[in-house]
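One structure is given here, and the rest of the page talks about it.
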Amino acid sequence: MAELTEPMKTYVKRFRGNVLDTDPLKNILNGQELEFTDEEIAHWITESWYMINETEPRTSYSLSKFPKTVLLLDGAMMKMLEAKGLLHLRNQLSYSDAGFNVNLDDKSGHYAQWLNSKATLFYQELKMFKRSRLPKFRGIGSPMRYY
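Residues 18 to 164 (the numbering used here) make up the sequence shown, in order.
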């Protein structure tokens, strides 16, 4: 497990604050442990960073000078919801016998709803962010200038 460096440490701390994963004692159903490791959160932040930079028009922002960290963290949240939803979908178990139904770990639908909501807002923000970074049109110069 590698030690995180700045600014990733700060991003991980902010992400934990956003998802209320700062106090393991509050995670009663999770054995009173933190929900996510620092490495998992750093991975989601990195994936969000790649996604933002690789969306057209492409950019090359570094993590240390990222111009809109809220967008970066929202993207990481979206990546987390996607990952957790897939994990729960993989581990879902349904059993039925003589009218008695049991669904174990059936949270994938809830994650999908949250992901849909977060993704809609994220992509709207990403679109506005990318538009704001385009060079501004200043008009067409004329060779017949008035002096």
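All C-beta atoms, glycine included, are put in the ideal place defined by N, C-alpha and C.
- Item | Under the three-state DSSP convention, the category residue 114 falls into | strand
- Task: Answer yes if the stretch 86-93 comes into contact with the stretch 67-75, meaning at least three C-beta pairs across the two stretches below 8 Å, and no otherwise.
- Result: yes
- Range of the contiguous alpha helix (DSSP H) that encloses residue 44: From DSSP, residue 44 is part of no alpha helix (DSSP H); its letter is neither H nor E.
- Query: What do you reckon, are the CB atoms on residue 88 and residue 23 nearer than 8 Å?
  - Reply: no
- Query: From residue 73 to residue 149, what distance separates their C-alpha atoms?
  - Reply: 13 Å
- Message: I need the DSSP call for residue 119, collapsed to helix, strand or coil.
- Response: strand
- Simplified DSSP state of residue 36, which is helix, strand or coil: coil
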